[in-house]
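The working numbering applies: residue 134 is where the sequence shown begins, and numbers increase by one. These notes concern the structure reproduced below.
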Amino acid sequence: MLESKLINHIADQFLDGERDGLNAHTPLFELNVVDSAAIFDLVDFFAPGV
């Protein structure tokens, strides 16, 4: 469940909703899907549930 929430969030925020080929093993940094600044968005996304 956490994995699918994260994949959906990344797709929505950084890939215009495109989920094709995006999975738990996708190298997000190497493919420039997310960068160091995007980590703050991901932390903020999960912070309320921590």
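Note that the Cβ used here is the ideal one computed from N, Cα and C, for glycine as well. As the structure is a prediction and not an experimental result, all values here were calculated from the model.
- Spatial neighbours of A157 in its own chain (CB-CB distance under 7 Å, excluding positions within 5 residues in sequence) are listed in chain order as E136.
- C-alpha of N165 to C-alpha of L139: approximately 17 Å in a straight line.
- Per the coordinates, the alpha-carbon of L175 lies some 17 Å from the alpha-carbon of R152.
- Straight through space, the alpha carbons of N141 and L161 are spaced by roughly 14 Å.
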